[in-house]
Amino acid sequence: MRIQLALLTAIALSTAAFSADVEVIVHTPDGAPVANAVVSVPGDLSAVPAPAEMPSMEQRDQQFNPFVLVVREGAEVVFPNRDRVRHHVYSFARGNRFELELYGREEERTVRFEVAGGVPIGCNIHDDMLAFIRVVDTPHAVVTDATGTARLTGISDGAQTVTVWHPYARGRNNLVTAEMADGQDRLEVVIDITAPD
Amino acid sequence: MTRLFFLALAPLLLGGPALAQDHPGELPVDPYEVSNANAGADPLAGAAVYDAFGGHDGIERVVARLIVNIQADTRIEGIFRASDWVRLRRTLVEQFCYLLGGPCDYTGRDMTSVHTDHGITTAEFNALVENLQLAMEAEGIPFRSQNRLLALLAPMHGEVVTR
Amino acid sequence: MLSRFLCAAGFVLSIALPAAANAQSLPSFETGGKLLLTRGISNVEGAGGGGIVPWALITGNETDRGIGGTAYTSAVFLSDFTVNTYGVAVGFYDRFELSYTRQRFDTRDAGAALGLGQDFTFEQDVFGAKLRLFGDAVYGQDSWLPQVAIGIQYKDANRDAIVRAVGARDDSDIDVYVSATRIDLANSLVLNATLRYTRANQNGLLGFGGNLEADRTLQAEFSAGILLTRRLLVGAEYRFHPDNLAFAREDDWFDIFAAFAINEHVSIAAAYADLGSIATFDDQRGLYLSIQAGF
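Chains as they are written, first to last, in this note's numbering: chain A, 1 to 197; chain B, 1001 to 1163; chain C, 2001 to 2295.
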C-alpha cells in the first residue's frame, strides 16, 4: 500500500514537472511594455508537434503583418499578398536568404526557414515595409503582445534560462537572458530597445 | 426609397463636386472627385486626331489590343495581375478619347493616385509605351497620329514612375 | 584627417548597432529598358547621337536604374579617302557616357600624290565622356526645354611628324561641347544643336590648330530628323568646321542619313556624306555606313 502510494506520488510529481504555464512580462528600463519580443525557453522540437496551420507573413496595405513572427527551425512560411499591387519580398539573412516576387492577390508562395536566427524581411518595391521572422530551435517560443506579455505553456517548472529577443534590442545578438527559478511562474525581464531610424 | 433617391442626387442639388459612380461589373473604388483634369494632360484641339484613330470604335479596338499585349508581356503583366480589367478598359478608352479631342469625359482617378504604390520603373513605363505602339500599328493608326497621343502620354512619366 | 576619422567612426558604429535594424536593399542594377532609337546611333567620334554630330542622348539601352553599352563600327567611302571607325561606349544610369573610338584615315591613291605613300593611313584615338545635365528628350514633351549634355573628347593622332608637317600645332587635344536634343513627338521630329569648342583639323585627323589659327574656336553643329516609323529616322546633319591650316582648305561637313533600329540591340545607318575639301583634295563625298550593337 505504502509503496503504491509512493509510486503514485512520484508519477504525479513527475507529470506535474512538465505542465507548467509561465507568464513573462517584458519592459524597457523606463517601464514601457515591449511588444513584438520573442520569449523562449529551450526545448525539444521533436517532443512537441508543429502547429497545424502554416505560419503566415501577409502583405496588406503595403505593410507586413505581423511585425515579428516566430517559427520553428525548418518551418515553411506562407507569404500571402492581400494587396492589389506587387510586392518583391526578400531577406539577406545568412542561411535564410530568399527573394519572392509576389503579384497582387497571391496566396500560395512559401519559403522554408532552415537556420535559427533573426530574419529581417523587406520589400524591394516599397522601402518602408519591414518585418522580422525569428527562427527558433525550440517549440516554446511566443511573441509578446501590446502589454509586453507572453504566456508559455507546457514547459518544465524547473529552473531554466529564458531568452528574450527583439529586433531593436541593444546588446549582443539582440537578446537578453534571464534565469527562471524552480517553481517560478512569472518573470519580469528588462530589455533596452533602440528606436528604429 | 425616396430618401435614397434624394441622397444620390445630393451632389447635384447641393452643387458639390461630382463623385465617382459605381459601374456594374466593376469593383467598388474609394470615393474621389471626378474631373477631366485627372486625365493628366490637356486634350488636343479639334477632332482630327480622334478621327484618325477611327473615333470611339477605333480607340476601343486599340485599347482592346493594348490589353491583350500587356497580358502577354512578361515584363509588366505582373503589375496588372490583380487589376480590375473591366474598369481599366473603360477608363483607358475614356482617357484616350478625351485627350485626342473626342466627345468623351474621363471619369477615372488622376495619374498619381492610379499609379502610386505600384513601384513602376522607367523600363516598365517604356514597355507599356511599346505595347501601345504595337497596338496602334496593328490597328493601322497613322504613325504621325500615334505620336500625337504619345506626346500627351510621355510627360505622365513623372507621375507614373515611382522607382 | 577629421573627416577620415568620422568615416571610420561611422563604420564602426554601424557594425556595433543591431544588425537587425533593416533588411538591407537588393542591388537595383538593371540593363535594358530604353525605347527604340532613344540611345541615338554612334557618331564618328563614338558619342551617342547622329552619324557626325554628338547629341545629348546617352548611349546604351539602360534607364536611370542601370548600365548599358554599345559597340560600333562605321566606314565612309569618299572620293579619295576612306575613313573607318570602331569603338565601344558605356552608358551609366542614362546620365553619363564614356567612349573609346579608333579612327583610321586611309589616303589610298592620294597618299602617293601627297608624298606619304600609297594607302598611307593615319589613326586617331578618341576618348569621350558625356554628362547629361538636365531635360528629357523623351518624356519632356510638354516643355520647350531640350535635353542638355556636356561632353569632352580627348583626341590623339598617331602620325605626329606628318601632322606637324601639314602645319598643325599639336597631334593631340581636347574638344569640349554642349548639346541640346529635343524629340518633338507631336511633329515626329528629332532636333539637335551642338556647340563645340575645338581646334581639331578634319576632326583631329590632321592634328590640332594650325598656322592660320592656333587656338580653339566655337563651331556649331546641327541635326534634324523625321521619325518615319518606330524604327526609322531620316534626317540631315551639318557641322561647321574651323579652317586652321594654310596648306589645305577645310570645309564644313554635311550628310543626309537614315538610321534604322533592326531590334532593341542592333541599329544600322546609311548616309550620303559631303566632307568637302580634305588635304587639298576637293569634293570628298560618298557613302557612309555604320552598325551599332548594344544592350
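Backbone N, C-alpha and C fix where the C-beta goes; we use that ideal spot for every residue, glycine too.
Note down, in chain order, every chain A residue with its Cβ under 9 Å from the Cβ of residue i.
{"i": "residue 1979 of chain C", "result": "No answer is possible for residue 1979 of chain C: the residues shown for chain C start at 2001 and end at 2295."}
{"i": "residue 984 of chain B", "result": "Outside the displayed span of chain B (1001 to 1163) sits residue 984 of chain B, for which this structure offers no information."}
{"i": "residue 1117 of chain B", "result": "62, 83, 84, 85, 125 and 126"}
Please classify residue i as buried or exposed, where buried requires at least 16 other C-beta atoms within 10 Å of its C-beta.
{"i": "residue 2262 of chain C", "result": "exposed"}
{"i": "residue 76 of chain A", "result": "exposed"}
{"i": "residue 2259 of chain C", "result": "buried"}
{"i": "residue 4 of chain A", "result": "exposed"}
{"i": "residue 127 of chain A", "result": "exposed"}
{"i": "residue 2094 of chain C", "result": "buried"}
{"i": "residue 186 of chain A", "result": "exposed"}
{"i": "residue 1107 of chain B", "result": "buried"}
{"i": "residue 2145 of chain C", "result": "exposed"}
{"i": "residue 2025 of chain C", "result": "exposed"}
{"i": "residue 83 of chain A", "result": "buried"}
{"i": "residue 2265 of chain C", "result": "exposed"}
{"i": "residue 1111 of chain B", "result": "buried"}
{"i": "residue 97 of chain A", "result": "exposed"}
{"i": "residue 2282 of chain C", "result": "exposed"}
{"i": "residue 1085 of chain B", "result": "exposed"}
{"i": "residue 1103 of chain B", "result": "exposed"}
{"i": "residue 1000 of chain B", "result": "A query on residue 1000 of chain B cannot be resolved here, the shown segment of chain B reaching from 1001 to 1163 and no further."}
{"i": "residue 2029 of chain C", "result": "exposed"}
{"i": "residue 2192 of chain C", "result": "buried"}
Does the distance from the C-beta atom of residue i to that of residue j stay below 8 Å?
{"i": "residue 181 of chain A", "j": "residue 159 of chain A", "result": "yes"}
{"i": "residue 133 of chain A", "j": "residue 1119 of chain B", "result": "no"}
{"i": "residue 2059 of chain C", "j": "residue 2073 of chain C", "result": "no"}
{"i": "residue 2135 of chain C", "j": "residue 2097 of chain C", "result": "no"}
{"i": "residue 24 of chain A", "j": "residue 175 of chain A", "result": "no"}
{"i": "residue 2147 of chain C", "j": "residue 2056 of chain C", "result": "yes"}
{"i": "residue 2235 of chain C", "j": "residue 2176 of chain C", "result": "no"}
{"i": "residue 1126 of chain B", "j": "residue 2233 of chain C", "result": "no"}
{"i": "residue 2122 of chain C", "j": "residue 2168 of chain C", "result": "no"}
{"i": "residue 1100 of chain B", "j": "residue 1053 of chain B", "result": "yes"}
{"i": "residue 166 of chain A", "j": "residue 65 of chain A", "result": "no"}
{"i": "residue 2087 of chain C", "j": "residue 2102 of chain C", "result": "yes"}
{"i": "residue 99 of chain A", "j": "residue 80 of chain A", "result": "no"}
{"i": "residue 140 of chain A", "j": "residue 74 of chain A", "result": "no"}
{"i": "residue 2273 of chain C", "j": "residue 2248 of chain C", "result": "no"}
{"i": "residue 56 of chain A", "j": "residue 71 of chain A", "result": "no"}
{"i": "residue 2201 of chain C", "j": "residue 2250 of chain C", "result": "yes"}
{"i": "residue 1041 of chain B", "j": "residue 1136 of chain B", "result": "no"}
{"i": "residue 39 of chain A", "j": "residue 48 of chain A", "result": "no"}
{"i": "residue 169 of chain A", "j": "residue 145 of chain A", "result": "no"}
{"i": "residue 1039 of chain B", "j": "residue 2141 of chain C", "result": "no"}
{"i": "residue 2269 of chain C", "j": "residue 2257 of chain C", "result": "yes"}
{"i": "residue 117 of chain A", "j": "residue 1082 of chain B", "result": "no"}
{"i": "residue 2115 of chain C", "j": "residue 2066 of chain C", "result": "no"}
Since residue i meets chain B, which of its residues come closer than 8 Å, beta carbon to beta carbon?
{"i": "residue 103 of chain A", "result": "1078, 1081 and 1082"}
{"i": "residue 2042 of chain C", "result": "Those within 8 Å of residue 2042 of chain C in chain B number zero; the least Cβ separation is about 21 Å."}
{"i": "residue 2231 of chain C", "result": "Chain B residues near residue 2231 of chain C: none, gap ~10 Å exceeds 8 Å."}
Assuming residue i contacts residue j (C-beta within less than 8 Å), just tell me the rounded distance between them.
{"i": "residue 2218 of chain C", "j": "residue 2245 of chain C", "result": "Rounded, the Cβ-Cβ distance is 18 Å, inconsistent with contact."}
{"i": "residue 2295 of chain C", "j": "residue 2031 of chain C", "result": "6 Å"}
{"i": "residue 1076 of chain B", "j": "residue 1070 of chain B", "result": "6 Å"}
{"i": "residue 2050 of chain C", "j": "residue 2061 of chain C", "result": "Not a contact, Cβ separation roughly 18 Å."}
{"i": "residue 2113 of chain C", "j": "residue 2081 of chain C", "result": "About 11 Å separates the two Cβ atoms, so there is no contact after all."}
Would you mind telling me which residues of chain B sit closer than 9 Å to residue i, beta carbon to beta carbon, in chain order?
{"i": "residue 184 of chain A", "result": "Chain B residues near residue 184 of chain A: none, gap ~49 Å exceeds 9 Å."}
{"i": "residue 2065 of chain C", "result": "1121, 1122, 1123 and 1163"}
{"i": "residue 2142 of chain C", "result": "1041, 1042, 1151, 1152, 1154 and 1155"}
{"i": "residue 2093 of chain C", "result": "Near residue 2093 of chain C there are no residues of chain B at all, since even the closest Cβ is about 10 Å away, more than 9 Å."}
{"i": "residue 2227 of chain C", "result": "1143, 1144 and 1147"}
{"i": "residue 2197 of chain C", "result": "Correct list: empty, because the minimum Cβ distance to chain B is about 32 Å."}
Identify the contact partners of residue i in chain B, using a Cβ-Cβ distance below 7 Å as the criterion.
{"i": "residue 2032 of chain C", "result": "1123"}
In chain C, which residues lie with their C-beta within 7 Å of the C-beta of residue i?
{"i": "residue 1129 of chain B", "result": "2035"}
{"i": "residue 1148 of chain B", "result": "2186"}
How would you list, in chain order, the residues of chain C whose beta-carbon sits under 9 Å from the beta-carbon of residue i?
{"i": "residue 1021 of chain B", "result": "The contacting residues do not exist; residue 1021 of chain B stays about 30 Å from chain C at best."}
For chain F, find out if any of its Cβ atoms is closer than 8 Å to the Cβ of residue i; answer yes or no.
{"i": "residue 1133 of chain B", "result": "Among the chains of the structure shown, chain F does not appear; the protein chains present are A, B and C."}
For this session: Can you check the segment 2093–2130 of chain C for any alpha helix (DSSP H) of at least 4 residues that lies completely inside it and give the ranges in chain order?
Result: As far as the segment 2093–2130 of chain C is concerned, its whole alpha helix (DSSP H) runs of at least 4 residues are 2108–2113.
Exercise. Hey, which unbroken runs of the beta strand (DSSP E) at 3 residues or more fall wholly within the segment 1074–1159 of chain B?
Worked result: none
Exercise. At what residue ranges does the segment 44–129 of chain A contain a whole run of the beta strand (DSSP E), taking only runs of 3 or more?
Worked result: 58–60, 63–65, 68–72, 75–78, 87–91, 98–102, 110–113 and 117–123
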